[in-house]
Amino acid sequence: MHFKLLQREKKYSGKIIDLTIDRLVYPSGNETIREIIEHPGGAVILCVFENKDILLVKQYRHPFAKDVIELPAGKLDKNEDPLLCAQRELREETGFAAKQWSKLTSLYATPGFCNEILHVYLAQDVYHHELGTALEEGEASIEVIRLPIIEAISKIEREEIIDGKTIAGILLGARKLGIQ
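To convert, count from 1 in the sequence shown and add 4; that's this note's numbering.
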């Protein structure tokens with residue numbers, strides 16, 4: 005089903021997102037409104053050590069008013085290559101870097117109201133980066149967690165990890181690595 009666009013109005017332009025309101029017509033002739041969050045997208049990193057440990061970050065997420073366990077990730081800068089963003093975010097958030105990178109997938113974060121596309125990468129041949137972390141002020145409380153990927157999968161099953169990009173990255177990565 006395709007809609008006919010009658011009007012598009014940008015209602016808000018922010019630091020991270022913009023809000024656009026579309027007035028549409030269904031094929032039936034009825035009108036509707038769609039609120040669209042516009043986001044530049046991001047990169048997500050499943051960083052896997054030789055022993056199959058992975059890196060996660062635990063950080064405060066204001067919409068939920070609690071700490072959330074996630075894969076390292078970050079917002080794309082304007083016209084930034086997603087792989088370069090992934091490499092930068094891994095260094096900044098964890099102090100690690102990797103020599104081997106492969107793309108696991110891209111995913112729509114919340115397609116019902118947002119155009120954000122997340123690019124999920126597998127990082128291997130991991131080493132500690134001499135520059136350490138470079139966190140933004142809002143990320144100062146990030147805790148880096150290293151644990152076996154099998155334990156991360158158990159945390160998903162126990163709903164201790166409930167972030168969608170993290171679940172997708174861990175499960176796709178485990179599958180690619182032949183981990184059950």
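Every residue, glycine too, gets a C-beta built ideally from N, C-alpha and C.
Asked                                                                                                                                                                                        : Found
Taking only runs that begin and end inside the segment 84 to 172, name each unbroken beta strand (DSSP E) of 3 or more residues, in chain order.                                             : 100 to 112, 121 to 132 and 147 to 152
Which of the three DSSP states, helix, strand or coil, is assigned to Ile-174?                                                                                                               : helix
With the cut-off set at 8 angstroms, would you say Gly-78 and Gly-46 are in Cβ contact?                                                                                                      : yes
Can you tell me whether Lys-70 is helix, strand or coil according to DSSP?                                                                                                                   : strand
Buried or exposed for Pro-86, please, with buried defined as at least 16 other CB atoms from any protein chain shown within 10 angstroms of its CB.                                          : buried
Select from Tyr-64, Val-61 and His-6 the residue whose C-alpha is nearest the C-alpha of Pro-31.                                                                                             : His-6
Would you be able to state if there are at least three C-beta pairs under 8 angstroms between the segment 155 to 167 and the segment 56 to 75?                                               : yes
For the beta strand (DSSP E) containing Leu-80, name the first residue and the last one.                                                                                                     : Taken as a continuous stretch (DSSP letters only), Leu-80 belongs to no beta strand (DSSP E), as it is neither H nor E.
Reducing DSSP to helix, strand and coil, say where Lys-56 ends up.                                                                                                                           : coil
In the DSSP assignment, find the unbroken beta strand (DSSP E) run with Gly-46 in it and report its ends.                                                                                    : 46 to 51
Might you give, ordered along the chain, the residues of its own chain that have their beta carbon closer than 6 angstroms to the beta carbon of Asp-71, omitting 5 neighbours on each side? : Lys-62 and Tyr-64
Taking Cβ to Cβ, would you say Arg-95 is nearer than 8 angstroms to His-132?                                                                                                                 : no
For Gln-104, which residues from the same chain have a beta carbon less than 6 angstroms from its beta carbon, with the 5 sequence-adjacent residues on both sides left out?                 : Gln-128 and Asp-129
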